[in-house]
Amino acid sequence: MGRKATSDPRLPLPGQPYPLGASCNGEGTNFSVFSEVAERLELCLFDAEGRQTATYDLPEVTALCWHGYLPGVGPGQRYGYRVHGPWDPASGRRCNPNKLLLDPYAKAIDGEVRWDPAVFPYPQGGPEDTMDEADSAPFVPKALVIDPSFDWEADRRPRTPWHETVIYEAHVKGLTATHPGIPKALRGTYAGLAHPAAIEHLQGLGVTAVELMPVHQFIHYAFLAEKGLRNYWGYSSIGYFAPHNEYAADRSQGHQVQEFKGMVKALHRAGLEVILDVVYNHTSEGNHLGPMLSLKGLDNAAYYRLMPDDRRHYRDYTGTGNSLNMQSPHVLQLIMDSLRYWVLEMHVDGFRFDLASTLARELHEVDRLSAFFDIIQQDPVISQVKLIAEPWDLGEGGYQVGNFPPLWSEWNGKYRDTVRDFWRGADQTLGELAYRLTGSSDLYESSARRPHASINFVTAHDGFTLRDLVSYNHKHNEANGEDNRDGTDDNRSLNCGVEGPSHDPEVERLRTRQQRNFLATLLLSQGVPMLLHGDELGRTQQGNNNAYCQDGALAWIDWGALDQDLLDFTRRLIHFRRDHPVFRRRRWFQGRAIHGGEIKDLAWFNPGSEQMAEEHWGEGWAKSLGLFLNGESTFCPNPDGTRVEDDDFFLVINAHPDALAFTLPGPEWGERWVKLLDTASGWLDSDDPIPAGTDLPVEGRSLVLLRRAT
Numbered sequence: 000m001g002r003k004a005t006s007d008p009r010l011p012l013p014g015q016p017y018p019l020g021a022s023c024n025g026e027g028t029n030f031s032v033f034s035e036v037a038e039r040l041e042l043c044l045f046d047a048e049g050r051q052t053a054t055y056d057l058p059e060v061t062a063l064c065w066h067g068y069l070p071g072v073g074p075g076q077r078y079g080y081r082v083h084g085p086w087d088p089a090s091g092r093r094c095n096p097n098k099l100l101l102d103p104y105a106k107a108i109d110g111e112v113r114w115d116p117a118v119f120p121y122p123q124g125g126p127e128d129t130m131d132e133a134d135s136a137p138f139v140p141k142a143l144v145i146d147p148s149f150d151w152e153a154d155r156r157p158r159t160p161w162h163e164t165v166i167y168e169a170h171v172k173g174l175t176a177t178h179p180g181i182p183k184a185l186r187g188t189y190a191g192l193a194h195p196a197a198i199e200h201l202q203g204l205g206v207t208a209v210e211l212m213p214v215h216q217f218i219h220y221a222f223l224a225e226k227g228l229r230n231y232w233g234y235s236s237i238g239y240f241a242p243h244n245e246y247a248a249d250r251s252q253g254h255q256v257q258e259f260k261g262m263v264k265a266l267h268r269a270g271l272e273v274i275l276d277v278v279y280n281h282t283s284e285g286n287h288l289g290p291m292l293s294l295k296g297l298d299n300a301a302y303y304r305l306m307p308d309d310r311r312h313y314r315d316y317t318g319t320g321n322s323l324n325m326q327s328p329h330v331l332q333l334i335m336d337s338l339r340y341w342v343l344e345m346h347v348d349g350f351r352f353d354l355a356s357t358l359a360r361e362l363h364e365v366d367r368l369s370a371f372f373d374i375i376q377q378d379p380v381i382s383q384v385k386l387i388a389e390p391w392d393l394g395e396g397g398y399q400v401g402n403f404p405p406l407w408s409e410w411n412g413k414y415r416d417t418v419r420d421f422w423r424g425a426d427q428t429l430g431e432l433a434y435r436l437t438g439s440s441d442l443y444e445s446s447a448r449r450p451h452a453s454i455n456f457v458t459a460h461d462g463f464t465l466r467d468l469v470s471y472n473h474k475h476n477e478a479n480g481e482d483n484r485d486g487t488d489d490n491r492s493l494n495c496g497v498e499g500p501s502h503d504p505e506v507e508r509l510r511t512r513q514q515r516n517f518l519a520t521l522l523l524s525q526g527v528p529m530l531l532h533g534d535e536l537g538r539t540q541q542g543n544n545n546a547y548c549q550d551g552a553l554a555w556i557d558w559g560a561l562d563q564d565l566l567d568f569t570r571r572l573i574h575f576r577r578d579h580p581v582f583r584r585r586r587w588f589q590g591r592a593i594h595g596g597e598i599k600d601l602a603w604f605n606p607g608s609e610q611m612a613e614e615h616w617g618e619g620w621a622k623s624l625g626l627f628l629n630g631e632s633t634f635c636p637n638p639d640g641t642r643v644e645d646d647d648f649f650l651v652i653n654a655h656p657d658a659l660a661f662t663l664p665g666p667e668w669g670e671r672w673v674k675l676l677d678t679a680s681g682w683l684d685s686d687d688p689i690p691a692g693t694d695l696p697v698e699g700r701s702l703v704l705l706r707r708a709t
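Now the structure itself:
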């Protein structure tokens with residue numbers, strides 16, 4: 000293409016191969032980038048208007064890292080790379096110096112992709128193996144040199160123990176975009192989430208950790224832009240070190256880095272941990288027909304899993320076109336360097352790994368002893384933060400709930416499915432439900448894990464909101480522009496007889512009760528509860544269960560239409576859980592008597608007050624169950640060994656559509672009981688004792704919680 004490097008032989012200086020990325024020392028900036036396939040690698044500088052102002056060949060190559068040092072270059076400088084090398088798609092090599100490439104280690108990124116044909120490495124409408132010669136620089140984002148300094152003011156991580164953790168899955172923009180207490184200029188931003196109005200809601204709710212949907216720099220897909228839609232969820236990373244620039248109130252000179260750090264500092268000051276949802280399984284460059292933005296042009300065969308019999312094409316375990324090559328040490332280094340950066344420099348407290356089974360694929364099958372997990376296990380930084388796997392991908396054998404190593408917790412999809420099945424009245428659910436209520440020991444105990452390995456959830460970003468779960472039987476994704484073909488139809492919902500909004504008081508009463516049932520079940524189960532943002536407010540997406548492209552009112556929380564009663568109910572549940580350690584035990588129940596007595600640490604009862612026998616669990620029609628929880632302190636000690644005093648509780652759950660009389664157990668389990676909660680009516684403040692052996696009325700589809708009277 001005829002570009003020439005600068006004629007100044009003094010620049011750039013050799014510099015250093017590490018650290019990778021752009022590192023400013025106050026007098027200049029060192030640039031370093033990995034590429035095994037490159038024959039020549041250009042560093043291009045740009046001004047604020049996007050004009051290319053200088054081009055330099057990186058002069059040194061050390062251990063496959065191209066590097067150079069430019070004196071006088073400092074924070075705010077925009078830059079990118081061009082790689083000269085073989086263009087041979089048949090062998091997986093796709094070097095095209097006409098395409099400006101983002102630095103994989105960029106700490107901040109300016110701009111976004113504009114979908115001009117030039118962003119693709121081959122001519123649009125032409126042969127796929129032909130190199131396109133149009134310059135992509137005017138249409139792609141640029142990396143930014145940043146100033147890494149920040150006053151953390153003795154920031155301290157909350158370090159909330161796992162068994163005390165309550166996770167709130169949130170979207171930076173969706174949570175704050177319409178909040179009336181946040182100034183308009185800050186809504187939808189990191190600064191908005193750091194605002195006292197947002198923090199007050201989180202603290203008042205009682206959650207301990209905010210799990211943020213992707214904040215790594217991502218792109219908005221071309222096919223969405225053509226429909227006037229946007230990539231709202233953000234599961235298409237292109238910069239694993241860069242906070243997404245659109246979530247910054249101030250995007251000048253890479254200020255999104257400072258703003259993100261300020262958000263973390265504010266949340267920590269409020270006692271809230273920050274967990275990031277990270278997408279290391281694929282990037283936004285798609286398959287062989289996708290754009291060339293970064294890794295594809297730097298070293299396609301090193302960064303991506305290619306098909307062994309046709310290296311033009313990519314392995315795809317995620318449904319998004321490509322999968323990162325976890326067999327490559329440079330890919331593993333990229334991921335580990337990114338994780339350490341977010342912990343050490345950005346002070347985050349943990350990670351939730353999207354489609355984590357993909358990361359475990361060494362050759363084809365999921366391998367729980369893969370290199371990725373070995374590296375995580377021995378890393379002195381990453382092994383000490385919260386690690387959560389989404390334990391599945393879309394490939395063969397990808398559903399791996401319960402199979403991750405001991406260091407990891409997992410999104411427990413079996414919990415979600417079982418609890419939904421039970422409350423919609425499905426048969427043959429009691430035995431499964433018993434495992435889910437008590438931490439899913441069938442999945443995690445044999446691998447030396449504790450109950451906190453189970454991240455329990457009923458709803459998440461992917462699917463119905465809680466309100467919609469009880470209001471719709473079928474998805475309504477028409478706004479996504481795919482004729483309602485996208486997403487999965489949810490057969491575990493219960494619309495209470497009417498699809499969508501209803502003015503029937505009886506329907507609304509039942510929907511309210513079902514929301515309470517799900518919330519109470521979630522927060523009274525062993526394990527770590529995760530609440531989807533807005534579920535405590537009655538948020539609806541009008542039946543859309545795949546709002547990935549809905550960056551607007553449909554997906555944002557509508558703070559003007561919150562359900563105050565539901566919010567109060569949820570707050571009280573979370574605080575109740577916090578105050579009673581028997582619902583958040585560090586260790587497994589044993590199902591046996593303690594201290595040589597007759598009373599077990601837990602016991603299951605049928606409605607006739609008989610302890611559940613083996614034959615009872617198999618009764619397919621049975622949809623009601625009682626659970627006795629022993630608050631004996633020795634079974635739920637603090638980590639320092641101090642005793643924890645708690646009460647005994649009796650939980651009754653009835654998924655039958657009709658009311659029943661549930662006989663309380665005999666006096667040896669408790670002579671008198673006080674009713675605390677009934678999802679048919681809400682929290683109760685009565686101290687009227689109920690004697691042992693009493694027939695307790697329990698409404699259809701409801702949950703009742705009682706405390707043993709002292």
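Positions 0 to 709 (numbering that gives the first Met the number 0) are the ones given, in order, by the sequence shown.
We put the CB at the ideal spot given by N, CA and C, even for glycine.
1) Assuming Met-262 is part of the alpha helix (DSSP H), what are its boundary residues?
2) Tell me which residues share the same chain as Asp-694 and place their Cβ nearer than 6 angstroms to its Cβ, disregarding the 5 neighbours each side in the sequence.
3) Is Cys-94 helix, strand or coil by DSSP?
4) When burial is assigned at 16 or more other CB atoms within 10 Å of the CB, is Val-82 buried or exposed?
5) Note down, in chain order, each residue of its chain lying with its Cβ closer than 6 angstroms to the Cβ of Pro-528, except the 5 sequence neighbours on either side.
6) Since Gly-669 contacts Asp-647 with CB under 8 angstroms, what's their CB separation in whole angstroms?
7) For Leu-406 and Leu-333, I'd like the C-alpha separation in whole angstroms.
8) For Tyr-316 versus Asp-392, is the C-beta distance shorter than 8 angstroms?
9) What residue from Leu-650, His-267, Thr-678, Ser-701 has the CA that sits closest to Arg-707's CA?
10) Could you give the C-beta distance for Lys-385 and Asp-336, rounded to a whole number, given that I count them as a contact under 8 angstroms?
11) Kindly indicate the opening and closing residues of the alpha helix (DSSP H) around Gln-399.
12) Relative to the alpha-carbon of Thr-698, which residue among Thr-709, Pro-656, Leu-676 has its alpha-carbon at the smallest distance?
13) If I follow the unbroken alpha helix (DSSP H) through Ile-375, where does it start and stop?
14) Measuring straight from C-alpha to C-alpha, what distance separates Ala-241 and Asp-56?
15) For Ala-546, which of Glu-38, Ala-117, Leu-223, Ala-21 has the nearest alpha-carbon?
16) DSSP state of Gly-430, grouped into three classes?
17) Rounded to the nearest angstrom, what separates Phe-568 and His-574 at their Cα positions?
18) Can you list the alpha helix (DSSP H) stretches of 4 or more residues lying completely in the stretch 274 to 305, in chain order?
19) With DSSP as the reference, please indicate the residues paired to Pro-580 in a beta bridge.
20) Straight-line CA distance for Gly-84 to Pro-103?
21) Give me the residue from His-532, Phe-463, Ser-446, Arg-577 with the minimum Cα distance to His-200.
22) Going by the CB atoms, is the gap between Gly-285 and Asn-230 shorter than 8 angstroms?
23) I need the boundaries of the alpha helix (DSSP H) containing Gly-67, first residue and last residue.
24) Using the three-state DSSP reduction, which class does Asp-482 fall into: helix, strand or coil?
25) Report yes if the CB atom of Glu-258 is closer than 8 angstroms to the CB atom of Tyr-313, and no otherwise.
26) From this set, Ser-293, Arg-586, Leu-42, which residue's C-alpha is nearest Glu-59's C-alpha?
27) Would you please state the rounded distance, in angstroms, between the beta carbons of Leu-297 and Leu-100? I believe it to be under 8 angstroms.
28) State the beta-bridge partners of Met-335 as determined by DSSP.
29) Looking at the structure shown, is Arg-671 part of a helix, part of a strand, or coil, going by DSSP?
30) Quick one: is Thr-357 buried, meaning 16 or more other Cβ sit within 10 Å of its Cβ, or exposed?
31) Can you check which of these residues, Arg-158, Ala-89, Val-139, Tyr-234, is closest to Glu-127 by C-alpha distance?
32) Measure the Cβ-Cβ separation of Lys-106 and Val-273 and say whether it is below 8 angstroms.
33) Restricting to Cα atoms, I'd like to know which of Glu-225, Gly-480, Asn-402, Trp-682 is closest to Asp-721.
34) Expressed to the nearest angstrom, what Euclidean distance is found between the alpha-carbon atoms of Gly-486 and Gly-542?
35) In the structure shown, what three-state DSSP assignment does Pro-11 receive?
36) Inspect the beta-carbon positions of His-215 and Val-277 and report whether they are closer than 8 angstroms.
Checking against the coordinates, here is how it stands:
1) The continuous alpha helix (DSSP H) containing Met-262 extends over residues 255 to 268.
2) Closer than 6 angstroms at the Cβ level, and outside the excluded window around Asp-694, lie Ala-660, Thr-662.
3) Here Cys-94 sits in coil by DSSP.
4) Classification of Val-82: buried, given that the 10 Å Cβ count is 16 or more.
5) Around Pro-528: Val-165, Asn-455, Leu-521, Leu-522.
6) Going by Cβ atoms, the distance from Gly-669 to Asp-647 rounds to 6 angstroms, so yes, they are a contact pair.
7) The straight-line gap from Cα to Cα measures roughly 21 angstroms.
8) In this structure, Asp-392 lies closer than 8 angstroms to Tyr-316 by Cβ.
9) Scanning Leu-650, His-267, Thr-678, Ser-701 for the CA closest to the CA of Arg-707 turns up Leu-650.
10) Lys-385 to Asp-336, Cβ: 19 angstroms. No contact.
11) Looking at the DSSP string, Gln-399 is not in any alpha helix (DSSP H), and its letter there is neither H nor E.
12) Per the sequence shown, residue 698 should be read as Glu rather than Thr. Of Thr-709, Pro-656, Leu-676, the residue nearest in Cα terms is Pro-656.
13) Ile-375 -> alpha helix (DSSP H) spans 370 to 377.
14) In this structure, the alpha-carbon of Ala-241 lies about 25 angstroms from that of Asp-56.
15) Nearest of Glu-38, Ala-117, Leu-223, Ala-21 to Ala-546, Cα basis: Leu-223.
16) In this structure, Gly-430 counts as helix in the three-state DSSP scheme.
17) Looking at the two C-alpha atoms, the distance is approximately 10 angstroms.
18) Taking only runs of at least 4 residues, the alpha helix (DSSP H) segments lying wholly in the stretch 274 to 305 are 294 to 302.
19) Bridge partners of Pro-580: none, in fact.
20) Rounded to whole angstroms, Gly-84 to Pro-103 spans 18 angstroms at the Cα level.
21) When only C-alpha atoms are compared, the closest one is His-532.
22) Contact: no.
23) Here Gly-67 belongs to no alpha helix (DSSP H); instead the beta strand (DSSP E) covers 64 to 70.
24) It is coil, neither helix nor strand.
25) Not in contact: Glu-258 and Tyr-313 (Cβ atoms no closer than 8 angstroms).
26) Ranking the options by Cα distance to Glu-59, first place goes to Leu-42.
27) That belief holds up - the Cβ atoms of Leu-297 and Leu-100 are roughly 6 angstroms apart, short of 8 angstroms.
28) Met-335 is bridged by DSSP to nothing; it lacks a bridge partner.
29) DSSP places Arg-671 in the strand class (E or B) of the three-state scheme.
30) Classified as buried, Thr-357 has 16 or more neighbouring CB atoms from the shown chains inside 10 Å of its CB.
31) Put simply, of Arg-158, Ala-89, Val-139, Tyr-234 the residue whose alpha carbon is nearest the alpha carbon of Glu-127 is Ala-89.
32) Not a contact, by the Cβ cut-off of 8 angstroms.
33) Residue 721 is absent from the model: the chain starts at 0 and stops at 709.
34) Going by C-alpha positions, Gly-486 is about 11 angstroms away from Gly-542.
35) In this structure, Pro-11 counts as coil in the three-state DSSP scheme.
36) With respect to Val-277, His-215 sits close: the two C-beta atoms are nearer than 8 angstroms.
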